[in-house]
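S.K.: For our numbering, add 325 to where a residue sits in the sequence shown, where the first one is 1. Heads up, the beta-carbon is just placed ideally off N, CA and C, and yes, glycines get one too. Supplied in structure tokens, the structure appears directly below.
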Amino acid sequence: MNRRKFLRNGSLAAAAAVTVAGTAATALTGCGGGKDQSKTNSADSAELAAAEATGRDEFEYSEFTIAELQAAMKAGTLSSVKLTELYLRRISEIDQGRHDLLSVIEVNPEAMQLAEQMDKERKAGKLRGSLHGIPIMIKDNIDTADKMHTTAGSLALENHIAAKDAFVVSQLRKSGAIILAKTNLSEWANFRSTRSSSGWSSRGGQTRNPYVINRSPCGSSAGSAVAVSANLCTVAVGTETDGSVVAPASFCGIVGLKPTVGLVSRSGIIPISATQDTAGPMTRTVADAAILLNAMVGVDAADAVTLNAKDKIAKDYTAFLNKDALKGKRIGVEQSFLRGRQEEVVALYQREIDQLKKLGANIVPVELVKETGPLGEAEFQVLLYEFKDGLNKYLATVKNGVKSMTELIEYNKKHADKVLKYFKQELVEMSNAKGDLKSSEYQQALAKSTSARAIIDRVLKENQLDAIVGTSYGPAHCIDWVNGDQDPGFYFCPPAAMAGYPHITVPMGDVHGLPLGLSFIASGYQEGTIIGLAYAYEQATKHRTIPRFKRSI
């Protein structure tokens, strides 16, 4: 079941010291253009025209990888302070300025101090880990015990500051990462309305696609995807329930990795589903995704599901980076996307299947979507029940903000002019009407939804496959606050989402300048396998391109 049909049918899809709060009043442009043209002066217009004509990005550290930045800092030609300052300046100029991307919801007022600390430690010979001194961004549904807020994009939590770091944030800090900023998202991780606009939140406004400004960045990890793609940071962390890492990564021309549920702790992350939620790396290269994943994983007593990963976490995910990983591998190819309604996407997909063959893969046709598609309604019921349970538990810990889902619904109604102006909160209300997790309806839906695991494992085993590939999602649609998101088709996120299995997307080309991703999925805890396959494909194709910030097509 594709993402937009899932929502519309009542069956879901996924989901310096200043708060950057772009609001809905910024400009309702839809297919008409990007930001309010009254904000664009003649100098900006000339610069935009030149950028579109040349395709160049003059940012000094554009497209730099973690390894390249670390090498520069080791050589003394770059410091964490300098890099952090440059990123903050770029956020101001690109994200909040002339391109109005609004991917950043709040910058860290302590970012420069943290950078100074990392530089001092480096000078003293103390390196915390592979991310030492690297500025990264995290999605604004992940707790940080600092001066930044955690809001899930909702004005109902605009004063909420978490009491402690989420476990994954603690892991990132241990590795030396600097939390540069929090990124905008689809409000409540896109589990609010059946006709929402992905990347829009009442607190952060509308995030826009850096390739074509009037196009959707997809959601819910829209801000993380856009920030990475537009070189506002090196890497970022997103979260996914069904497509919220993979889909925006595909729309924005980057790598997105959704790990096996339980490989990365969810404690301290505003939830939708205990069954399907996970945080994941969003990067420009597969190598950086592996490095970031290394820093994120870990067993957390506060998230019992991570206990299942205790003996399954790889020592080093970069060890799987092998340019020859596809040679001799049996790759299942999802056939339904060769019958899609847009012939340009079908042709692109076929071209990349042929590329996999050239790289030594043995191609095996499969029809996975036909089997997992009917599970969509059960998945939706699971998410409705688990959203109520998980969100109520989280909100009960909030000091400054709403304390329950019921209070949230009433807050939104009271502030409808700001929160419900373009679309409502049907999914929140549907969730709030559900019972508890002892309900027979929930138990039956859970059993049906998670049967996706057995389906994927059977398809892999019967065909002796190492992985299954498919198109991640179709090309980005126009932003439309009146009708909500449109359905570009070619959506491959639900099978791995319902199963809780790993999924990685890598750029596979574009249609009319709009990026598309190629997905690799496998069985539980097979991150190393799909990282290796994706890396081999990426290194042979190099389809990632720098955004040109075009106003429209």
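1) As a quick exercise: from 665, 558 and 481, pick the residue whose alpha carbon is nearest that of residue 880.
2) Should residue 618 and residue 861 be called a contact, given that it needs their Cβ atoms to be closer than 8 Å?
3) Helix, strand or coil for residue 678? Go by DSSP, reduced to three states.
4) To the nearest angstrom, how far is it from the Cα of residue 724 to the Cα of residue 478?
5) Check the DSSP bridge columns for residue 823 and list the partner residues they point to.
6) According to DSSP, is residue 806 part of a helix, a strand, or is it coil?
7) Is residue 607 helix, strand or coil when you go by DSSP?
8) Just to confirm the assignment, what range does the beta strand (DSSP E) spanning residue 418 have?
9) With residue 468 and residue 494 assumed to form a contact (beta carbons below 8 Å), what rounded beta-carbon distance in angstroms separates them?
10) Compare the C-alpha of residue 854 against each of 644, 776 and 762 and name the closest.
11) If you scan the stretch 536 to 563 from start to end, which runs of the beta strand (DSSP E) of 3 or more residues do you find wholly inside it?
12) Relative to the C-alpha of residue 747, which candidate in 512, 681 and 426 has its C-alpha closest?
13) Can you tell me the Cα-Cα spacing of residue 737 and residue 799, whole angstroms?
14) Report yes or no: do three or more beta-carbon pairs, one from the stretch 771 to 784 and one from the stretch 529 to 549, lie closer than 8 Å?
15) Output the boundary residues of the beta strand (DSSP E) element that contains residue 792.
16) What does DSSP give as the partner residue(s) for residue 841 in the beta ladder?
17) Sort 878, 847, 480 and 613 by Cα distance to residue 788 and report the nearest one.
18) Give every residue of the same chain whose Cβ lies closer than 7 Å to the Cβ of residue 809, excluding the five residues on either side of it in the sequence, and list them in chain order.
19) I'd like the list of long-range same chain contacts for residue 666, defined as Cβ closer than 7 Å, with 5 residues on each side in sequence excluded.
20) Span of the alpha helix (DSSP H) holding residue 863?
21) Rounded to whole angstroms, what is the Cα-Cα separation between residue 386 and residue 647?
22) Based on the DSSP secondary-structure assignment, which residues constitute the bridge partners of residue 464?
23) Using beta carbons (cut-off 8 Å, strictly below), is residue 403 in contact with chain D?
24) Counting Cβ pairs closer than 8 Å, one from the stretch 399 to 412 and one from the stretch 621 to 639, do we hit at least three?
25) When the Cβ atoms of the stretch 684 to 692 are set against those of the stretch 714 to 734, are three or more pairs found closer than 8 Å?
26) Alpha carbon to alpha carbon, what distance is there between residue 390 and residue 610?
27) Buried or exposed for residue 636, please, with buried defined as at least 16 other CB atoms from any protein chain shown within 10 angstroms of its CB.
28) Among the residues of its own chain, which have a CB less than 7 Å from the CB of residue 776, if the five just before and after it don't count?
29) Just to confirm the assignment: which complete alpha helix (DSSP H) runs, minimum length 4, are found wholly within the stretch 653 to 708?
30) How many whole angstroms separate the CB atoms of residue 837 and residue 480, which I take to be in contact at a CB cut-off of 8 Å?
31) Check whether the stretch 656 to 673 touches the stretch 863 to 870, taking contact to mean three or more Cβ pairs, one atom from each stretch, closer than 8 Å.
32) How many angstroms separate the CA atom of residue 668 from the CA atom of residue 456?
33) Starting from residue 431, follow the beta strand (DSSP E) in both directions and report where the run begins and ends.
34) Give the DSSP bridge partners of residue 424, in chain order.
35) Less than 8 Å separating the beta-carbons of residue 774 and residue 709?
M.R.: Taking the definition as stated:
1) Here the chain covers residues 326 to 878 and nothing more, so residue 880 does not appear.
2) no
3) helix
4) When rounded, the distance between both Cα atoms is 17 Å.
5) Answer by DSSP bridge pairing: none, since residue 823 is not bridged.
6) coil
7) strand
8) Annotation for residue 418: no beta strand (DSSP E) segment contains it, and DSSP assigns it neither H nor E.
9) The C-beta distance from residue 468 to residue 494 rounds to 7 Å, short enough to meet the 8 Å contact threshold.
10) 644
11) Counting only runs of 3 or more, we get nothing.
12) 512
13) 32 Å
14) no
15) 792 to 796
16) 834
17) For the residues 878, 847, 480 and 613, the minimum Cα distance to residue 788 belongs to 847.
18) 520, 521, 522 and 748
19) Sequence-distant partners of residue 666 (beyond 5 residues in either direction) whose C-beta falls short of 7 Å from its own C-beta, in its chain, are 814.
20) 852 to 866
21) 26 Å
22) 508
23) Checking the listed chains, one finds no chain D in this structure; it contains a single protein chain.
24) Not touching, per the Cβ criterion.
25) Contact between the stretch 684 to 692 and the stretch 714 to 734 is absent: fewer than 3 CB-CB pairs across the two stretches fall below 8 Å.
26) 8 Å
27) So residue 636 ends up on the exposed side.
28) 700
29) 668 to 683 and 693 to 697
30) About 36 Å separates the CB atoms of residue 837 and residue 480; that is not less than 8 Å, and the two are not in contact.
31) no
32) Between the C-alpha atoms of residue 668 and residue 456 there is a straight-line separation of about 42 Å.
33) 429 to 432
34) According to DSSP, which records beta bridges pairwise, residue 424 is partnered with nothing at all.
35) no
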